[in-house]
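**Q**
Number of protein chains: 2
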Amino acid sequence: MATIDDVAKAAGVSKGTVSSVFSKKRPISRPVTERVLEVAKGLGYYPSHVARSLAIKKTMIAGLKMPISKDSVMSGFEIQMINGVIREFSKQGYRLLLDTLPEHDDPTQFSIDPVDGVIMLNPRKQDPRIERYNQMGIPLVLIGRPDPIEEQISYVDNDNRHLSLQVGQYLINLGHTAILFLNSSADMTVAIDRENGLAEAFQQSGQSYDQVHVMNYSRRQHANPTEYGYVSLKNIYEPNRFTAIITDTDRVALGVMRAARELGIDIPGELSVIALSNDATLAQEMTPALTSVELSAEMLGTEAAKILVEKMKDVDIVEQKIIEAKLVIRESCRLLK
Amino acid sequence: MATIDDVAKAAGVSKGTVSSVFSKKRPISRPVTERVLEVAKGLGYYPSHVARSLAIKKTMIAGLKMPISKDSVMSGFEIQMINGVIREFSKQGYRLLLDTLPEHDDPTQFSIDPVDGVIMLNPRKQDPRIERYNQMGIPLVLIGRPDPIEEQISYVDNDNRHLSLQVGQYLINLGHTAILFLNSSADMTVAIDRENGLAEAFQQSGQSYDQVHVMNYSRRQHANPTEYGYVSLKNIYEPNRFTAIITDTDRVALGVMRAARELGIDIPGELSVIALSNDATLAQEMTPALTSVELSAEMLGTEAAKILVEKMKDVDIVEQKIIEAKLVIRESCRLLK
DNA sequence: CTGAAAGCGCTTACAG
DNA sequence: CTGAAAGCGCTTACAG
């Protein structure tokens, strides 16, 4: 690869001049510009991003910290969210560095990524990385709530508690109190938030939460979300035991519906189904069309990216944003008679 | 941010020593190592990836060049493929830089990304970027075939022509010759390859290809793939005009099935449906389960990544790999009586 | 409008 | 096992 020096020499100018021709940060005369460009082209010269980054201390790259488990694929939720992040960064001229590398405990191996800021997915409890980014002076925005919540941390999240409170109210108003809840993995903060929200709905309406049977997704037990729904219903359904079922995602609901067909259960006649969906493209195509919650995953991503772009200009900016989820009523739930 | 100099001074050693403590490239005595590490921790020092990259001329980052259209979301195919790429790179210790920035004609704006190699999606005809990467000495692997095909270019691809030849033979053997083909966008090389393959199937069996009606997806006409399938069938179906339908993806087939339900067409009784699928997770959940082609999108990604890793070690390596697609027969096609 | 030179924060061959 | 110094390829304040 030709360097700026090669071009400077071949064009008979200083490298400062070559630099200016490419960066346009200071005006260079027409003839000189043309000569430099021509020489550069002949030599196949392109400025080195790395060298420039070192000099200006900016990379125009934003990082997305997202652990990827060995066996599983990205969920519809993650994909949509990433889509939102990419779209926004792309619009603002940033590239995205996907860091899916597993974490290292060896402090010696923890090198700073070449990024101007990072978005971190699903922070864990007391996540030590948050402090580390802070220490490094790298702007950070979380997707998902930090635990514990702190004033100085920027993040975007759904209000999962409120969302399942609404779902609970909706079902209770339809007369459903015997509910099977196919929740997500127990170790996720969302799972807890959702349970609390549902419990609150029951409490508010004076119903006993005992009528709710909660199950959790587990990667060991279930091959995939659809199987989770299918197997769960097949195994534990008895007529009249549940009148409604809340699923983690629409994929889970897909499995539930398949099982229901095989068991001869009419949806929504005998059983109402509602999904706390992660991937809304499917819901409207199912038969019956699935009533679900629209999480706006893409918007979560977009908003996180927007906040990060602001923070990369001014580290002191802090913004916390709750993205509204909305209940989309379709055809899979019915008033209990 | 503390630099290597700060640490060196505070620890009373040279920066070469600090460097060695972190890179482990030469042995440093136990006591010195500990002192350096302690000082580094106190100062919140982490090595700068950018500076190191400049010095060693390697970034351990691979690029994924993938244009993202303003309005559309990634397809299931793209997502799975990216998944494969990420997984393989992650395994090999590389990070992934997603470059979705639109292309610039201004040569002045074309800066080299901080990557050791790149994977490029869907190369266009006579794609000028291929030559450019070559010129820059950056290892390149394509996903999708280059046009024209050249000996020195590495790529992985499906054999789309052969794949639709197989599908054609399968349908013809079932007695279907009046076929509606809901193909992908006309401007993609896959669309052409597929048509050729299907035509070949007809020719081989001595059937007239005139019985095939080909349509192309168009972003302007169709809101999304599902709508494409739905609208197409609604608009042009007349009893006995077609006995089988080949769809671009399973999403398109989903729309076809919805339209068929509304029109009272029995699948597969009256109409056989088969998808040249991009996203196989759906096919098995549909009713009836969709017969489709498994493209192994994830494997395309994995293989491309593997080849790139090799090329990043030795630029001269060239590998071209065809990933076998296989027909997965489920329930949506039936022998024509 | 252009040049000379210091600086960005690392690595590494050379010397001891 | 450790240090001093040159080098990686850019940018930029200073000077003219």
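Chains U and A, in that order, give the protein sequences. So the first sequence is residues 184 to 520, counted in this note's numbering. So the second sequence is residues 184 to 520, counted in this note's numbering. Even glycine gets a Cβ: it sits at the ideal position worked out from N, Cα and C.
1) Residues of the region 293-327 of chain U in Cβ contact with chain A at a cutoff of 7 Å, in chain order, please.
2) Please confirm whether Ile429 of chain U and Leu459 of chain U have their CB atoms less than 9 Å apart.
3) With a threshold of 16 other CB atoms inside 10 Å of the CB of Arg209 of chain A, please say whether the residue is buried or exposed.
4) Near Gln349 of chain U, what residues of its chain come up, given a Cβ to Cβ distance below 7 Å and the 5 sequence neighbours on each side ignored?
5) With a threshold of 9 Å between beta-carbons, can Glu468 of chain A be considered close to chain U, or not?
6) Taking the alpha carbon of Met249 of chain U as the reference point, which residue from U:Val222, U:Glu271, U:Ile326 has its own alpha carbon closest?
7) Can you have a look at Leu518 of chain U and say buried or exposed, based on whether 16 or more other CB atoms are within 10 angstroms of its CB?
8) At 9 Å on the CB atoms, spell out the chain U contacts of Thr283 of chain A, in chain order.
9) Say whether the region 277-284 of chain A touches the region 317-326 of chain A, bearing in mind that this needs 3 or more beta-carbon pairs closer than 8 Å, one atom from each stretch.
10) Note down, in chain order, each residue of its chain lying with its Cβ closer than 6 Å to the Cβ of Leu454 of chain U, except the 5 sequence neighbours on either side.
11) Checking the sheet assignment: what are the DSSP bridge partners for Ile430 of chain A?
12) Is Gln390 of chain A closer than 9 Å to Ile355 of chain A when the C-beta atoms are compared?
13) Just the C-alpha distance for Ile450 of chain U and Ala443 of chain U, rounded to the nearest angstrom, thanks.
14) On the premise that Glu481 of chain U lies in contact with Gln263 of chain U, defined as a C-beta separation below 8 Å, what is that separation, rounded to the nearest angstrom?
15) What would DSSP say about Val511 of chain U, mapped onto helix, strand or coil?
16) So, using beta-carbon positions, are Thr474 of chain U and Leu437 of chain U closer together than 9 Å?
17) At a cut-off of 8 Å, would you count Ser203 of chain A as near the ligand NAP, judging by its Cβ distance to the nearest heavy atom?
18) Excluding the 5 residues flanking Ile143 of chain A on each side, which residues of the same chain have their C-beta closer than 7 Å to its C-beta?
19) If we define contact as Cβ-Cβ less than 9 Å, is Asn341 of chain A a contact residue for chain U?
20) Could you give the first and the last residue of the continuous beta strand (DSSP E) run that contains Arg278 of chain U?
21) Could you give the first and the last residue of the continuous alpha helix (DSSP H) run that contains Val350 of chain U?
22) Can you give me the start and stop residues for the beta strand (DSSP E) that Asn399 of chain A sits inside?
23) Residues in its own chain within less than 7 Å of Ile512 of chain A by CB, not counting five upstream and five downstream?
24) What does DSSP give as the partner residue(s) for Thr474 of chain A in the beta ladder?
25) Using a Cβ-Cβ cut-off of 9 Å, state whether Ile251 of chain A counts as contacting chain U.
26) Confirm, please, whether the CB-CB distance from Thr470 of chain U to Thr470 of chain A is below 9 Å.
27) From the beta carbon of Val498 of chain A, is the nearest beta carbon of chain U less than 9 Å away?
28) Which residues in the same chain as Asp376 of chain U place their Cβ atom closer than 7 Å to its Cβ, once the five residues preceding and following it in sequence are excluded?
29) 9 Å is my cut-off, CB to CB: does Val233 of chain A come that close to chain U?
**A** Reading from the atomic positions:
1) Phe293, Ser294, Ile295, Asp296, Pro297, Gln318, Met319, Gly320
2) yes
3) exposed
4) Leu510
5) yes
6) U:Ile326
7) exposed
8) Ile269, Arg270, Phe272, Ser273, Arg278, Leu279
9) no
10) Ile448
11) Per the sequence presented here, residue 430 of chain A reads as Thr, with Ile not at that position. Thr430 of chain A is bridged to A:Leu365, A:Ala458.
12) yes
13) 8 Å
14) 5 Å
15) strand
16) no
17) This structure lacks the ligand NAP; in fact it carries no ligand of any kind.
18) This structure does not reach residue 143 of chain A, given that chain A is present from 184 up to 520, and the question cannot be answered.
19) no
20) 278-282
21) 343-356
22) 395-399
23) Thr474
24) A:Ile457
25) yes
26) yes
27) no
28) Asn343, Arg344
29) yes
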